[in-house]
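Engineer:
Chains as they are written, first to last, in the numbering used here: chain A, 53 to 236; chain B, 4 to 339.
1. Excluding five sequence neighbours on each side, which residues of the same chain lie with their C-beta closer than 8 Å to the C-beta of residue 60 (chain A)?
2. I'd like the list of long-range same chain contacts for residue 181 (chain A), defined as Cβ closer than 7 Å, with 5 residues on each side in sequence excluded.
3. Give the DSSP-derived three-state secondary structure of residue 52 (chain B) in the structure shown.
4. Quick one: list the residues of chain A neighbouring residue 90 (chain B), beta-carbon separation under 7 Å, in chain order.
5. Along chain A, in chain order, which residues have C-beta atoms closer than 9 Å to that of residue 135 (chain B)?
6. Beta carbons nearer than 8 Å to chain A: which residues of the stretch 291 to 315 of chain B have them?
7. Please list the residues of the stretch 184 to 211 of chain A that have a C-beta atom closer than 7 Å to any C-beta atom in chain E, keeping them in chain order.
8. So, helix, strand or coil for residue 238 (chain B), using DSSP?
9. Kindly indicate which three-state DSSP category residue 258 (chain B) falls into: helix, strand or coil?
10. By Cβ distance, which residues of its chain are closer than 6 Å to residue 133 (chain B), with the 5 residues on each side in sequence left out?
11. Using a Cβ-Cβ cut-off of less than 7 Å, list which residues of the stretch 115 to 142 of chain B approach chain A; keep chain order.
12. Given 8 Å as the limit, is there contact between the stretch 19 to 37 of chain B and the stretch 49 to 65 of chain B, that is, 3 or more CB pairs closer than that?
13. Which one of B:239, B:209, B:93 has the shortest CA to CA distance from residue 182 (chain B)?
14. Touching or not, the stretch 322 to 329 of chain B and the stretch 202 to 214 of chain B, by the rule of three or more beta carbon pairs under 8 Å?
15. For the candidate residues B:162, B:124, B:111, whose alpha-carbon lies nearest to that of residue 12 (chain B)?
16. Among B:161, B:217, B:261, B:327, which one has its Cα closest to the Cα of residue 283 (chain B)?
17. Kindly list, in the order they appear in chain B, the residues whose Cβ is closer than 7 Å to that of residue 112 (chain A).
18. In the DSSP output, which residue or residues are listed as bridge partners for residue 190 (chain B)?
19. Suppose contacts are defined by Cβ-Cβ distances below 8 Å. Is residue 124 (chain B) in contact with residue 165 (chain B) by that definition?
20. How is the alpha helix (DSSP H) around residue 139 (chain B) delimited, first residue to last?
21. Under the three-state reduction of DSSP, which class applies to residue 183 (chain A): helix, strand or coil?
22. Using 10 angstroms around the beta-carbon of residue 64 (chain A), count the other beta-carbons present and answer buried if the total reaches 16, otherwise exposed.
23. Can the beta-carbon of residue 98 (chain B) be found closer than 8 Å to that of residue 113 (chain B)?
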């Protein structure tokens with residue numbers, strides 16, 4: 053139980069700090085910490101396979117790409133005093149410009165809070181009868197490829213489409229000089 | 004209690020193995036280059052690693068002014084932690100009392116996790132962060148390029164690494180390393196040991212290649228391509244934070260060799276010795292693989308970076324996929 057609170061605390065605090073951080077690299081790292089804590093919670097739930105997969109897929113693969121993008125695009129740049137000052141004058145002079153996003157943010161936050169309250173009011177989630185399935189890799193595999201095979205296939209096609217989209221976007225960036233000339 | 008003792012034992016032995024590997028590396032390099040190598044400190048220069056450590060401890064700890072203070076110190080810690088923790092799930096022998104030294108037989112594995120192979124894989128994927136963050140936080144162009152290169156390399160080869168492991172998992176029909184090792188006991192026709200390397204020769208080669216790239220060793224040592232990048236991601240590091248990276252590299256070598264031994268070379272199974280002495284076989288096999296590593300480093304020249312990436316994605320990965328498919332089909336139809 054102590055471990056649960058520890059992991060839960062780390063996950064919540066890290067997630068909050070992800071948003072609060074000014075430096076995107078720190079945000080990425082805190083998100084990894086949050087994923088690590090979640091994986092700890094999975095271990096406590098007797099689902100080591102899910103826990104390890106969480107680390108491999110999210111903390112290991114996806115976040116490395118995040119970090120890459122942040123490092124390559126944003127370079128080591130933190131908000132300087134100057135930037136903050138400029139932001140302040142900007143928001144002061146044209147308050148109407150930022151009003152839209154702020155309202156949107158507030159609505160989103162309110163919706164999220166309502167959802168959270170609703171979820172909490174329902175009490176602990178009842179897990180479906182075959183809850184031991186979480187423990188065994190073989191059972192997860194069987195369920196995934198029988199009961200959820202449609203969802204599985206659709207997901208794979210979705211990923212394929214995303215991949216194709218990425219290729220197309222990357223090709224377009226190269227410009228007409230190389231690609232188009234070859235086509236025509 | 005025994006488990007905690009074993010934990011400290013493994014920790015201590017890993018530290019020692021890094022020191023031994025430093026000595027072996029220098030001696031073998033000297034041998035291959037017809038030099039003598041270290042010979043002044045201790046008999047045959049055996050205490051040279053100790054002298055190196057003392058030197059490293061007394062060096063000044065430098066940090067570039069523009070570096071990100073927290074991440075700069077965190078990065079080597081991540082590297083070393085990942086290196087040490089991966090070995091926790093690697094079994095290195097059957098139950099043994101060490102020639103009666105212990106009153107009760109001890110299972111030679113710190114943590115027997117039933118998804119051990121995946122844990123090893125997960126920790127390997129975490130060790131990338133040490134290198135990326137070291138490269139980024141130093142705020143130096145050489146470090147950043149070295150960090151980016153080596154992490155791109157590790158990500159690319161991780162796929163082949165994982166797939167070569169997966170084909171062994173299919174053969175062993177388990178995710179537990181202990182089960183896989185036990186599946187390799189006995190012999191075929193009375194003299195060929197039932198090691199998975201004979202069923203998975205391609206898988207073994209893929210694993211070895213990917214493991215060299217994962218550990219950033221020559222001929223894939225791009226982070227340390229000194230002609231281009233000074234010292235890559237650890238250019239700005241000195242003293243003990245540099246030592247942590249150094250330590251991590253050698254311990255990672257030991258770990259991937261130990262995993263290769265467990266998954267492909269029959270682990271602690273071998274002729275002549277009784278099962279409780281199996282760890283001796285394990286040490287012999289790991290030692291042979293480590294020697295191979297060092298041998299390769301001082302024999303092969305470094306690849307070019309784009310060649311490395313092209314090789315990883317266009318040759319190694321398709322081979323690994325085909326290998327996994329063939330293995331699965333073989334297991335399904337012949338029930339190997």
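The C-beta atom is built at its ideal place from N, Cα and C for all residues, glycine as well. The structure presented is a predicted model; accordingly, all values stated were derived computationally and were not measured.
Structural biologist: Concretely, from the data shown:
1. 89, 93
2. Summary for residue 181 (chain A): the model assigns pLDDT 47, below 50, so the residue's position carries little reliability, and this model does not support an answer.
3. helix
4. Chain A residues near residue 90 (chain B): none, gap ~16 Å exceeds 7 Å.
5. Taking a Cβ-Cβ threshold of 9 Å, the residues of chain A close to residue 135 (chain B) are 116, 119, 120, 123, in chain order.
6. none
7. Absent from the structure is chain E; the protein chains it does hold are A and B.
8. coil
9. helix
10. 78, 81, 82
11. 116, 117, 118, 121, 122, 124, 125, 128, 129, 131, 135, 139, 142
12. With the cut-off at 8 Å, the stretch 19 to 37 of chain B and the stretch 49 to 65 of chain B touch.
13. Of the candidates B:239, B:209, B:93, B:93 places its Cα closest to the Cα of residue 182 (chain B).
14. Three or more beta-carbon pairs separated by less than 8 Å link the stretch 322 to 329 of chain B to the stretch 202 to 214 of chain B, which places the two stretches in contact.
15. Of the listed residues, the one whose Cα sits closest to residue 12 (chain B) is B:111.
16. Checked all of B:161, B:217, B:261, B:327; the closest Cα to residue 283 (chain B) is B:261.
17. 125, 128, 129
18. B:196
19. yes
20. 119 to 140
21. Residue confidence for residue 183 (chain A) is low, a pLDDT of 48 falling below 50, so the modelled location carries little weight; the figure read from the coordinates is stated next. Residue state, collapsed to three classes: helix.
22. exposed
23. no
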